[in-house]
Amino acid sequence: MMLDATRPVMTEQSGPLQPGVVAVGKELPGQKDRPVAKAQDGTDWAGLLIRVRDRQDKAAFAQLFRHFAPRVKGFLMKSGAGAALAEECAQDVMATLWQKAHLFDPARASVSTWVYTIARNKRIDALRKDRRAEPEELDWGPEPEPDQAEVMEAQQDTERLGQALAQLPAKQRALIERAFYGELSHSEIAAETGLPLGTIKSRIRLALDKLRHHMT
Amino acid sequence: MTIRHHLSDQLLMAYAAGQLPEAFNLVVATHVSLCDECRSRMAAFDAVGGALIEEIDEMTMGEAALEAALSRIDGLPQATRAEPLKPAGIFPAPLADYIGGDLSAVRWRRIGGGVKQAILPTGRDASARLLYIPAGTAVPDHGHRGMELTLVLQGAFADDNARFNRGDIEIADEELEHTPVALAGQDCICLAATDAPLRFRSVLPRLAQPLFRI
Chain A
563 MMLDATRPVM TEQSGPLQPG VVAVGKELPG QKDRPVAKAQ DGTDWAGLLI RVRDRQDKAA
623 FAQLFRHFAP RVKGFLMKSG AGAALAEECA QDVMATLWQK AHLFDPARAS VSTWVYTIAR
683 NKRIDALRKD RRAEPEELDW GPEPEPDQAE VMEAQQDTER LGQALAQLPA KQRALIERAF
743 YGELSHSEIA AETGLPLGTI KSRIRLALDK LRHHMT
Chain B
201 MTIRHHLSDQ LLMAYAAGQL PEAFNLVVAT HVSLCDECRS RMAAFDAVGG ALIEEIDEMT
261 MGEAALEAAL SRIDGLPQAT RAEPLKPAGI FPAPLADYIG GDLSAVRWRR IGGGVKQAIL
321 PTGRDASARL LYIPAGTAVP DHGHRGMELT LVLQGAFADD NARFNRGDIE IADEELEHTP
381 VALAGQDCIC LAATDAPLRF RSVLPRLAQP LFRI
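Same order as they appear, the protein sequences are chains A and B.
Throughout the first sequence, residue numbering follows the numbering used here, covering 563 to 778 in sequence.
Throughout the second sequence, residue numbering follows the numbering used here, covering 201 to 414 in sequence.
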C-alpha cells in the first residue's frame with residue numbers, strides 16, 4: 563500500500579473542488595523557487611475547518627486532508643521520519659485536527675499554522691519519549707462569531723510570511739528551515755529571523771486582549 | 201498582574217520549532233500560561249512553521265489514506281468546547297500536570313536553611329525543580345553553568361539589578377553572577393530549569409552563608 567515516498571512528489575492541487583470553492587492561480591511545476599508564494603488557490607481553509615468544528619462536515623475534512631496530509635508527511639520526513647512513520651503520523655495529525663477542531667481560533671492562527679503546531683507536537687511525541695508541556699488553554703476558548711476582517715488578516719499572515727521567507731537570502735532561509743525541521747538544538751537556534759514577525763505578534767496580542775476584555 | 205521579565209526570542213523560537221529540552225519546555229509553557237505577551241510572540245513564531253508547511257514539498261499519501269482517515273474519524277468523537285482544567289492554586293495547568301496537583305501535592309525535600317526543593321521528572325538533557333525559599337533568604341546554588349531559567353510562582357526575589365514577581369522569568373547564563381534574595385513578606389516559590397548538571401555539593405556551603413534581607 564505504501565507508495566514510493568522517498569522523493570518529493572507533487573500531488574494534484576486539491577482534489578475535486580467543493581461547489582462554491584474557486585481555485586485561482588494554480589501552481590505550475592518548477593515554480594517554487596521564484597520569489598512569489600506558492601499556489602494561493604484562494605481556498606477558504608479556515609471556513610472548512612469551522613465546518614468541521616461546527617457541523618462535523620466530512621466533505622470539508624476530506625478537502626483539508628487532501629491539502630494538508632501530504633504537507634504534514636513532507637514535514638515529518640524532512641524532520642527525519644521514514645516514509646511509513648511519516649504517513650502514520652500524518653494520519654494521527656489529521657485525526658487530531660478533527661478531534662480538537664473546537665480549539666481552532668481563526669482570529670489568532672491560520673489553518674496552516676494550526677496544522678503545523680499539531681504536526682510539531684506529533685513529531686516530538688513520536689521521535690522522543692519526553693513529556694511535552696503545552697501552555698494552558700485560554701479558559702474562554704475562541705469566540706463563536708469572530709470578526710471576519712480579523713479572521714482574514716490572520717489567514718493572510720501565512721501567505722505574507724511565505725512571501726517574506728521566499729525573499730530572504732538563501733542562507734538565512736536555510737537556517738530557519740533547519741531550525742523548524744529539527745536539525746538545530748535550542749542553543750544553536752538564533753532567533754534573528756529577518757521576518758516581519760512584530761506585526762503578526764501585535765495582531766495576535768490585540769486579538770487576545772479583545773477576548774479577555776469580552777470574557778471578563 | 202504585570203509581568204516585566206519575559207522569555208527571549210530564542211527560547212520562543214526553539215519552543216515553536218519543537219527543539220527545547222523537556223525541562224525548558226515546561227518552564228516556557230508555564231510562563232506563557234501566565235503571559236499574553238509571550239503567548240502572542242510564540243504564536244508569531246508558530247506562524248513561521250505554518251508558512252513553511254504551506255511551502256514544503258508534499259509527499260503523496262498512500263492510496264487509501266483518505267478513506268482510512270474518514271473511517272477513523274467516523275468512530276472518533278469530537279471534543280466539544282473544553283472546560284479546561286483551570287487550576288485554582290498557584291500552578292498553571294502545565295506545571296500542575298507534572299506535579300499531579302497544586303502546592304499540597306509537592307513532595308519537598310529540605311536542603312537546609314529552610315530552603316526546600318522538589319526535582320521534577322524530566323528528560324536528562326535538562327532538569328527542572330521547584331524551589332521554596334523562605335522570605336528574606338538568599339536563593340541557593342547560584343553558580344550558573346549552561347542556561348538557567350527561573351520562573352516566579354509565588355512571592356518575589358531580587359538581585360542587584362531587578363525584582364522578579366509572579367510570572368517573571370529570569371534567564372541566566374554562565375556570565376551572570378548574582379545573589380538573588382527572596383523578598384520579605386511571602387515565601388518565594390520558583391520553577392527553575394537548567395541544562396547544566398545539578399550540583400548538589402555546592403548547596404550546603406552556600407546555605408551556611410548569613411541570610412540576607414532587603
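We put the beta carbon where it would ideally sit given N, CA and C, even for glycine.
Chain A within 9 Å of residue i, Cβ atoms only
i, result
"GLN245 (chain B)", "The sequence shown places Phe at residue 245 (chain B), not Gln. Answer yes: the Cβ-Cβ gap between PHE245 (chain B) and chain A drops below 9 Å somewhere."
"GLY367 (chain B)", "no"
"THR260 (chain B)", "yes"
"ARG239 (chain B)", "yes"
"GLY250 (chain B)", "yes"
Status (buried if at least 16 other CB within 10 Å, exposed otherwise) for residue i
i, result
"ILE299 (chain B)", "buried"
"ALA749 (chain A)", "For the sequence presented, residue 749 (chain A) should be read as Ser rather than Ala. It is exposed - the Cβ of SER749 (chain A) has fewer than 16 other Cβ atoms within 10 Å."
"ALA279 (chain B)", "exposed"
"GLU754 (chain A)", "exposed"
"ARG345 (chain B)", "exposed"
"ILE273 (chain B)", "buried"
"HIS231 (chain B)", "buried"
"ALA264 (chain B)", "exposed"
"THR379 (chain B)", "exposed"
"GLU375 (chain B)", "exposed"
"TRP607 (chain A)", "buried"
"GLY249 (chain B)", "buried"
"SER764 (chain A)", "exposed"
"TRP308 (chain B)", "exposed"
"VAL227 (chain B)", "buried"
"ALA392 (chain B)", "buried"
"GLN625 (chain A)", "buried"
"THR761 (chain A)", "exposed"
"LEU276 (chain B)", "exposed"
"HIS776 (chain A)", "exposed"
"GLY301 (chain B)", "exposed"
"THR202 (chain B)", "exposed"
"PRO706 (chain A)", "exposed"
CB contact flag (residue i, residue j, <9 Å)
i, j, result
"ALA223 (chain B)", "ASP325 (chain B)", "yes"
"ALA382 (chain B)", "LEU349 (chain B)", "no"
"LEU723 (chain A)", "ALA247 (chain B)", "yes"
"ALA716 (chain A)", "ALA671 (chain A)", "yes"
"LEU659 (chain A)", "PHE623 (chain A)", "yes"
"ALA728 (chain A)", "GLU255 (chain B)", "yes"
"LEU320 (chain B)", "LEU330 (chain B)", "yes"
"MET261 (chain B)", "PRO697 (chain A)", "no"
"VAL673 (chain A)", "MET656 (chain A)", "no"
"GLY367 (chain B)", "VAL352 (chain B)", "yes"
"ALA251 (chain B)", "ARG682 (chain A)", "no"
"GLY323 (chain B)", "LYS691 (chain A)", "yes"
"CYS238 (chain B)", "LEU266 (chain B)", "no"
"PHE364 (chain B)", "HIS206 (chain B)", "no"
"ARG767 (chain A)", "ASP209 (chain B)", "no"
"ALA621 (chain A)", "ALA652 (chain A)", "no"
Short CB-CB distance (under 9 Å) between residue i and chain B
i, result
"VAL598 (chain A)", "No answer about VAL598 (chain A) holds up, because its pLDDT of 32 lies below 50 and its placement is not dependable."
"GLY609 (chain A)", "no"
"PRO632 (chain A)", "yes"
"PHE623 (chain A)", "yes"
"MET714 (chain A)", "no"
"HIS748 (chain A)", "yes"
"LYS772 (chain A)", "no"
"GLN710 (chain A)", "no"
"LEU530 (chain A)", "For chain A, the structure presents residues 563 to 778; residue 530 (chain A) sits outside this window and is missing."
"ILE612 (chain A)", "no"
"GLN734 (chain A)", "no"
"ASP719 (chain A)", "yes"
For residue i, the residue or residues it bridges with in DSSP
i, result
"GLN354 (chain B)", "B:ILE389"
"GLU370 (chain B)", "B:THR350"
"VAL381 (chain B)", "B:ALA338, B:ALA358"
"THR394 (chain B)", "B:SER327, B:GLU348"
Cutoff 9 Å: residue i Cβ touching any chain E Cβ
i, result
"GLN210 (chain B)", "Among the protein chains in the structure shown, which are A and B, there is no chain E."
Length at least 4, wholly inside the segment 267-346 of chain B: the alpha helix (DSSP H) runs in chain order: As far as the segment 267-346 of chain B is concerned, its whole alpha helix (DSSP H) runs of at least 4 residues are 293-299.
Every unbroken alpha helix (DSSP H) within the segment 640-728 of chain A, with a cutoff of 4 residues, ordered by chain: Within the segment 640-728 of chain A, complete alpha helix (DSSP H) segments of at least 4 residues are found at 645-661, 673-689, given in chain order.
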